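Notes for the one structure printed next.
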Amino acid sequence: MTAHVHALVPSLIARASIASALTLAVAGAPLLIPGAAPEAEAATLATKALQIAASKRGSPYKYGASGPNRFDCSGLTLYSYRKAGKNLPRSAQSQYNKTRHISASVRKRGDLVFFHQGRSVYHVGIYAGSNKIWHSPRRGTVVRLERIWSKSVWYGRVN
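0 is the number of the first residue of the sequence shown in numbering that gives the first Met the number 0; add one for each residue after it.
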């Protein structure tokens with residue numbers, strides 16, 4: 000009987016480890032998967048930044064402002080990512096230059112959406128899914144969720 004119990008122990012330990020890993024995954028804890036860490040960290044960062052931007056709903060636009068109560072477009076993205084743990088440059092164009100450029104087909108919630116005319120970026124927001132962004136549009140408006148209104152957009156992922 001003792002030999003039978005000892006034979007079960009490694010099997011039980013293996014099952015317990017798998018169950019623990021699955022529990023952690025369901026609970027939202029990061030799993031240590033070789034090669035997946037940078038992507039997982041980027042997803043967590045982007046999700047936090049998106050939640051922070053959404054929490055600023057209704058904050059008034061002010062040119063040159065980067066929070067905590069007033070924002071221009073790049074000020075909102077700068078503030079949101081800084082609070083999530085990543086520093087971005089100040090202007091929309093500089094933020095575009097600093098991100099990893101991605102196609103619309105792989106965009107995810109929390110990626111940055113850059114509006115451009117020719118090669119010049121003039122506006123930035125944070126992708127919220129369903130073709131919508133959180134942004135601080137212009138003077139006289141407030142931070143809000145809005146449908147992407149232009150086809151002249153580029154996407155960037157903050158690393």
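A virtual CB, placed ideally from N, CA and C, is assigned to each residue, including glycine. Here the structure is a predicted model, which is why all the values come from computation and not from measurement.
Who does residue i pair with in a DSSP beta bridge?
i, result
"Y154", "I101 and V112"
"V141", "P59"
"G124", "V112"
"I132", "Y126 and E145"
"S65", "F70"
Which residue from the options puts its Cα closest to that of residue i?
i, options, result
"E40", "R118, R146 and G109", "G109"
"V105", "L75, G128 and N96", "G128"
"R137", "G63, D71 and G66", "D71"
Since residue i and residue j are thought to touch, with beta carbons under 8 Å apart, how far apart are those beta carbons, to the nearest angstrom?
i, j, result
"A83", "A48", "4 Å"
"Q92", "S119", "7 Å"
"L111", "T98", "6 Å"
"S90", "Y154", "Wrong, their Cβ atoms sit about 17 Å apart, outside the cutoff."
"S147", "N130", "First, the amino acid is wrong: residue 147 is Ile here, not Ser. Confirmed, about 5 Å."
"S73", "I51", "That pair is no contact at about 15 Å."
Apart from the five residues on each side of it in sequence, which residues of its chain come closer than 8 Å, Cβ to Cβ, to residue i?
i, result
"S151", "F114, H115 and Q116"
"A42", "K107 and G109"
Please return the same chain residues whose Cβ sits closer than 6 Å to the Cβ of residue i, not counting the five positions on each side in sequence.
i, result
"A45", "G109"
Please confirm whether any heavy atom of the ligand ZN lies closer than 6 Å to the CB of residue i.
i, result
"A48", "Of ligands this structure carries none, so the ligand ZN is not represented either."
Here's a check: name, in chain order, each residue in its chain whose Cβ is nearer than 7 Å to the Cβ of residue i, leaving out the five neighbours to either side.
i, result
"S68", "Per the sequence shown, residue 68 should be read as Asn rather than Ser. Same-chain partners within the cutoff: S58."
"S65", "G74, L77 and Y78"
*Determine, using beta-carbon pairs with one atom in the stretch 128-143 and one in the stretch 49-61, whether at least three such pairs fall under 8 Å.*
Contact annotation: the stretch 128-143 touches the stretch 49-61, with at least three C-beta pairs closer than 8 Å.
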